[in-house]
Amino acid sequence: MLKIPIIRWGKPYDSLEVDDVVHFETGEPIAQVSQANGGILQRDMRKAQRARDVLREIPSDELIQRIKKAADYYLEAELPLGDGRQTPDDFARQQSATTGLPEHMCRANMQKNHFVLTRMDEVLDALTRGLDLSILSRGYGVEQRGIVVSYQAQAPCLGLVLPSNSPGVHTLWLPVIPLQLGLVLKPGPQEPWTPYRMAAAFVEAGIPAEAISIYPGGGDVGAAVLASCQRSMIFGGEATVERYKGDPRVQVHGPGFSKILLGDDVVDDWPQYLDLMVDSVHLNSGRGCINCSGIWASRHTREIAAAIAECIGPVEALPPDDPQASLAAFTVPGMAKAIWGAIEADLRDDQTTHVTEQYGPRLVDKERCGYLRPTVVHCTSPEAPIARKEYMFPFVSVVECPQDQMLSAIGPTLVCTAITGNEKLQQELSDATHIDRLNIGPLPTTQLNWLQPHEGNIIDFLFRARAYQLPPERMAQLAQAVSS
Amino acid sequence: MSTSETAGSMSPDLEARVREARDALDAHTVEIVQWHFNPETGCPFWLQKAAELKFDPRKEIECFDDLNKFEPFQDEWLRGGPVRRWVPKAYADRPIYVFETGGTTGVPKSRVAMDDFRTDYELFSATLPDESFPPGSNWLMLGPSGPRRLRLAVEHLCQFRGGVCFCVDLDPRWVIKLIKKGWLEHLEAYKKHVIDQALTVLGAGHDIRCLFTTPKLLESLALALEDRDSSIADAGITGIFSGGTEFTPQWTRFAMEELLDERVYMTPTYGNTLMGLACSKPVTPNDGYKIAYYAPQPRAVIEVVDIDDYSQAVGYGETGRVKLTTLTKEFFVPGFMERDEGEREPPYEKYPWDGVSGVRPFREMAEATTVGVY
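Protein chains in written order, with my numbering: chain A, 53 to 536; chain B, 7 to 380.
The structure is reproduced here in structure tokens:
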């Protein structure tokens, strides 16, 4: 069995406490992961500046080239992992075995990470709005248009408290190294795989190992990340969002409540958008915050719900190595049953109809895990208790709501696909501050453009724009350096 | 617990010492039961209980194992008054202390004491190496205070060794309340308030060499000192007696290697208001930083018992629930089921009786219990 150590600024550390990461269905041990304690992390953070210093010795452009090389290592190479080695196939199998995600989805997520890594220069160019990265490195400089600008790094490293159940989130932290900031990763208990493999690929590609720390562990380690890092990201549920809302040191990623809105001008043509709606709900087993959990329209909602149910209602839970598997398992015992219990309670409301009921039971309760088959409900009003719920499987509420009430009724929405040609509605959507990513037109909620920010621009989170004044002669020197 | 069961290959000398200790425990058990169930000396609680029992403890308790004839001790019996029902008649005229445990919500458990805490800590004192806990040196008590016995006990330990004890208040009930309410900023502020006071005392020229604290506070203190380019060792501390919450081998290793820089002696302990103090076998890297505790037998006994049958000890190295028995003239508690589990450890030369290692919250109660918070 693989033994995976803690990584303390590049140095492996075997803890006396280990966590057996097991196969979700068989209970077979897959790896023994060393567990950190909060104090270890707190002490190591005293050396966090070293991570930024070693990265600043390498120009950002060079780091980007190395990251691109790392992309190929991550996707294709056999890489060291703990006391063993790991091929890409091992990775997909291991990730699937512990997270419950079908293997082909694990491979697809690898492709997604690879894609972002190989386009890192474009991603950073977009996120920085074309800023010369040396300005972020030095902290100040002159833009092409001759203006002095200063962006001050707010932390020497970014801390991440990562989830177990959604390997897709890792794309968010990939730009950190080329921005010359260190990484402090606390993997989810069932998903140590991506942080370790990505770190191994980075090191193989020449990224200094001392810029990366990985601390598997319990809740105290997560708390230590947030307490010790001046900037961190955490992934969690609504309670986590509520806890860290408004804390400028923490970027919190919670449920997405992503939605598709059909304008009155297009809703009669709804069959044209059926595939888009089904994909938005069902892709990646509906696990992501970008999966659609609500479809809102003023009419035809019963037909829409029935048509989606006909597409995904019959979907069965298949073994994770089956190429046709489209559902991920809930690997925490009792979780699927508890979620289904919550849904059943909401279905008692008389404004709500369970549209997938005719396709058989939704809950597949197994000895060590559970599945929930795709579920479509219809709500005659936004007031139905289930209208704005989100669950981590293909679940959608199709909600009947007059168009002029939609914006005030939908609630916080991470991705909103609004299919409408109504310019007034488009403008209202553009102005709505409770919508994060806005797609105007027939785009699946799951279709991300990596050149766009996600739940806040990471550059704005990590760097602060500030005044930086220079005497004219020094400014002229800088401007000359830029133009040459 | 059975005397016939042995722990692998015990030397003849150790076997003899185990037998000797067992004989002493059996004799002590009989003496204590006689005392507590004698109308002239016993406490009202046990005298009243005797009337409800189907056996006469003074006749039928002839050895330690006979204590299994009692039903398991209910911790509810310790909640509420009148407190004097626990005072042995023979000690009714002595000054009485009451110490409490728990109490975040509802009525806390309480126990009476006269001299037990002094006796326990004087016995513990004999286990402390003088080079790390120099006689005459001053102490800092940085841990749970208020109605807990720990504050008086540590102060007595210090005085018994010829020193003066400085104390910082810590109210664990408030800490648990902060955690349950999710007031984490207040929790941090309270921790800082406590640590700031400790730093002030340590920096005030009192020549403090010895420290009692909990694992969490030790970590916070060490990190706060490092923030000031100092360390526990640089602050002059040479010996730490730590307890109050759970120790793990990994945390102990981290503390010894990194917080104490291998320059400060630390002895983990396990105990509570009811039992007293169990010392640990010296913790070493060679032993994987395993922490094995041994009760101050015959005044108190730790057993590791089957979770389905509390009268049966598990085998050596096997996991079971921790069962405590207190056998002093001040307080008699037969078979109190602790909220902990661990592995049964064999006797060894220094402590020729059973111990327990890997102590952690009992799995069936762990989710409902807030532990290790201060």
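For each residue, glycine too, the CB sits at the ideal point set by N, CA and C. Since the model is a prediction, treat every value here as computed from it, not as a measurement.
Residue i at chain B interface by Cβ criterion, 9 Å
i: A/Ile471; result: no
i: A/Gln101; result: no
i: A/Ser265; result: no
i: A/Ser284; result: no
i: A/Ile92; result: yes
i: A/Arg621; result: Residue 621 of chain A falls outside the range modelled here, since chain A spans only 53 to 536, and no answer is possible.
i: A/Ala397; result: no
i: A/Gln84; result: no
i: A/Arg295; result: yes
i: A/Trp343; result: Position check: residue 343 of chain A holds Asn in this sequence, whereas Trp was assumed. Answer no: the Cβ-Cβ gap between A/Asn343 and chain B never drops below 9 Å.
i: A/Arg301; result: no
i: A/Ala390; result: no
i: A/Arg98; result: yes
i: A/Ala207; result: no
i: A/Asn89; result: yes
i: A/Ala358; result: no
i: A/Ala275; result: yes
i: A/Ala279; result: yes
is_contact[residue i, chain A] using C-beta, thresh 9 Å
i: B/Glu336; result: no
i: B/Glu347; result: no
i: B/Asp360; result: no
i: B/Leu223; result: no
i: B/Glu370; result: no
i: B/Glu232; result: yes
i: B/Thr376; result: Model confidence at B/Thr376 stands at a pLDDT of 48, short of 50, so the residue's coordinates are unreliable and nothing is read from them.
Contact under 9 Å by Cβ, residue i with residue j
i: A/Ala122; j: A/Ala253; result: yes
i: A/Asp401; j: A/Ile438; result: yes
i: B/Glu66; j: B/Thr279; result: no
i: B/Arg16; j: B/Pro288; result: The identity of residue 16 of chain B in the sequence shown is Met, whereas the question assumes Arg. No. Outside cutoff.
i: A/Pro413; j: A/His334; result: no
i: A/Cys421; j: A/Gly152; result: yes
i: A/Gly193; j: A/Gln204; result: no
i: B/Leu59; j: B/Phe76; result: yes
i: A/Leu424; j: A/Trp392; result: yes
i: A/Ile119; j: A/Pro268; result: no
i: A/Ala531; j: A/Gly198; result: yes
i: A/Arg339; j: A/Leu233; result: no
i: A/Thr408; j: A/Ala484; result: no
i: A/Phe143; j: A/Met162; result: yes
i: B/Phe61; j: B/Asp32; result: no
i: B/Ser248; j: B/Thr220; result: yes
i: B/Thr273; j: B/Ala306; result: no
i: B/Ile146; j: B/Ile38; result: Note that residue 146 of chain B corresponds to Leu in the displayed sequence, not to Ile. Their beta carbons are not under 9 Å apart, which means B/Leu146 does not touch B/Ile38 by this criterion.
i: A/Val548; j: A/Ile347; result: A question about residue 548 of chain A goes unanswered here, because the residues of chain A that appear run from 53 up to 536.
Whole-number beta carbon distance between residue j and residue i, since they are thought to touch under 8 Å
i: A/Leu500; j: A/Ile342; result: 7 Å
i: A/Phe309; j: A/Glu442; result: 5 Å
i: B/Gly361; j: B/Glu351; result: 4 Å
i: A/Leu133; j: A/Tyr248; result: 6 Å
i: A/Ala380; j: A/Ser337; result: 4 Å
i: A/Leu237; j: A/Leu278; result: Not a contact, Cβ separation roughly 13 Å.
i: B/Leu190; j: B/Val181; result: Contact doesn't hold; Cβ gap of about 11 Å is too wide.
i: B/Cys173; j: B/Arg154; result: Incorrect: roughly 12 Å between the Cβ atoms, too far for contact.
Any chain C beta carbon closer than 9 Å to residue i
i: A/Glu419; result: In the structure shown, chain C does not exist; the protein chains are A and B.
What residues in the segment 272-302 of chain B bring their beta carbon closer than 8 Å to a beta carbon of chain A?
-> Residues passing the 8 Å Cβ filter: Gly294 and Tyr295.
Going along the segment 245-274 of chain B in order, which residues come within less than 9 Å of chain A, judged by CB to CB distance?
-> Thr254, Pro255, Gln256, Trp257, Thr258, Arg259, Phe260, Ala261, Glu264 and Leu265
The segment 177-204 of chain B: positions lying closer than 7 Å to chain A by Cβ | none
Selection of the segment 138-172 of chain B by Cβ proximity to chain A, strictly under 8 Å | none
Quick one, which residues of the segment 241-264 of chain A are near chain B if we go by CB-CB under 7 Å, in chain order?
-> none
Contact set between the segment 206-230 of chain B and chain A, restricted to residues whose Cβ is under 7 Å from the partner | Glu225 and Leu229
Runs of alpha helix (DSSP H) wholly within the segment 115-197 of chain B (minimum 4 residues, chain order) | Counting whole runs of 4 or more residues, the segment 115-197 of chain B contains the alpha helix (DSSP H) stretches 122-131, 156-166 and 178-187.
Return the residues of the segment 64-76 of chain A that lie within a Cβ-Cβ distance of less than 7 Å from chain B, sorted by chain order.
-> When C-beta distances to chain B are compared with 7 Å, the residues of the segment 64-76 of chain A below that value are Ser67, Leu68 and Glu69, in chain order.
Could you give the uninterrupted runs of the alpha helix (DSSP H) lying entirely in the segment 332-417 of chain A, keeping only those of 4 residues or more?
-> 353-364 and 387-399
Jot down the residue ranges of each uninterrupted beta strand (DSSP E) in the segment 181-251 of chain A, minimum 3 residues, whole runs only, in chain order.
-> 192-194, 200-205, 209-213 and 234-238
Mind checking the segment 328-340 of chain A against chain B and listing, in chain order, the residues whose C-beta falls within less than 7 Å of any C-beta there?
-> none
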